[in-house]
Amino acid sequence: FYISTLAQVGWVNPAFAFRKYSPSGGSLVLSDAILEILNTIATGSEMDILKATLNSLKDNPGNEEPLTIFSQQSYPENLGVFQILPVGEDDGEVVMAQAVMDFRSEKHVTRFLWFTWTSTSVELFQSAQKAVLNEDLYSQVRQEVIKKLGDRAKQFIKDIEI
C-alpha cells in the first residue's frame with residue numbers, strides 16, 4: 679500500500695523485492711547493516727543525514743520515548759519491519775533512497791537497532807532502491823496531499839525531538 683501510494687503521487691519506483699542480507703562476520707548490528715545497505719544507493723549527503731540521525735537517536739537520552747514508540751510499532755514481538763527513506767537532490771531531481779527492512783529474531787530486545795545479534799539469532803531481509811520524484815505528476819496532486827495531511831503534519835514535525 680505504502681509503495682503504491684508513493685507511486686500514485688509521483689515517485690517513480692523500480693521493482694520492489696526483498697532479499698536476504700548476509701552479514702560478513704558472526705554478528706550483526708542493524709544500524710550498521712542499514713548504513714551498509716543504503717551506502718550502495720544513497721548519495722553522500724543522504725548518508726550524512728542518515729548517520730547523523732542514527733547517532734542522534736542512539737546517543738540522545740531525550741529520545742527514549744520516541745524510540746520506545748518506534749520499537750513497539752516496528753518490533754512488537756520477534757518480528758520487525760521498518761523503513762529508512764533519506765531524500766536528497768541529484769542533478770536537479772528529488773531522489774529518495776528507499777530501504778525497507780524485515781527481520782526475525784530469536785528474542786525480543788529494546789534498542790534493537792544497536793543490539794549486537796549473533797548472525798544465527800536474527801535474519802534480515804532488505805529491499806533497497808532509488809525512487810525519483812516526477813515533479814509534473816506531483817504538482818497535480820500536491821495541494822490534495824497538503825489538504826489531506828492538514829495540521830497533523832505540522833504537529834508531527836513540532837513533536838520531533840532533535
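Residue numbering for the sequence shown follows the numbering used here, beginning at 679 and increasing consecutively. For glycine and all other residues, C-beta sits at the position ideal for the given N, C-alpha and C.
N- and C-terminal bounds of the alpha helix (DSSP H) containing residue i
i                 : result
glutamate 714     : 708 to 717
phenylalanine 760 : Here phenylalanine 760 belongs to no alpha helix (DSSP H); instead the beta strand (DSSP E) covers 757 to 762.
alanine 730       : 722 to 737
threonine 683     : 680 to 686
phenylalanine 834 : 813 to 837
Cβ neighbours of residue i in the same chain (closer than 6 Å, five flanking residues each side left out)
i              : result
isoleucine 719 : Ala775, Ala806 and Lys808
proline 692    : Gln807
Sequence-distant residues of the same chain with beta carbon closer than 8 Å to residue i, five excluded per side
i             : result
arginine 697  : Phe803, Gln804 and Ser805
aspartate 768 : Thr721
Reference residue i, options the options, closest by Cα
i              : options                           : result
valine 800     : Ser783, Asp737, Ile838 and Phe793 : Ser783
serine 723     : Lys836, Phe781, Ser705 and Val765 : Val765
isoleucine 715 : Tyr680, Ser734, Leu763 and Ile681 : Leu763
leucine 706    : Asn717, Ala730, Ser797 and Met725 : Ser797
glutamate 743  : Ile824, Thr788 and Ser682         : Thr788
alanine 685    : Asp814, Ala831 and Asp829         : Asp814
Residue burial classification, residue i (beta-carbon count within 10 angstroms, cutoff 16)
i                 : result
glycine 688       : buried
isoleucine 838    : exposed
tyrosine 699      : buried
alanine 834       : What sits at residue 834 in the sequence shown is phenylalanine, not alanine. Exposed, because fewer than 16 other Cβ atoms sit within 10 Å of the Cβ of phenylalanine 834.
valine 773        : buried
phenylalanine 694 : exposed
Neighbourhood of residue i by C-beta, 7 Å cutoff - its chain only, sequence neighbours within 5 removed
i              : result
glutamate 755  : His786
asparagine 812 : Gly688 and Val690
tyrosine 816   : Val687 and Gly688
Whole-Å CB distance - residue i paired with residue j, under 8 Å assumed
i              : j              : result
lysine 736     : tryptophan 795 : Going by Cβ atoms, the distance from lysine 736 to tryptophan 795 rounds to 16 Å, so no, they are not a contact pair.
alanine 777    : isoleucine 712 : 6 Å
methionine 845 : asparagine 717 : The chain is shown from 679 up to 840; residue 845 falls before or after that span and cannot be answered.
Where the beta strand (DSSP E) containing residue i begins and where it ends
i            : result
alanine 695  : Premise fails: alanine 695 is in no beta strand (DSSP E) and is neither H nor E.
arginine 782 : 771 to 783
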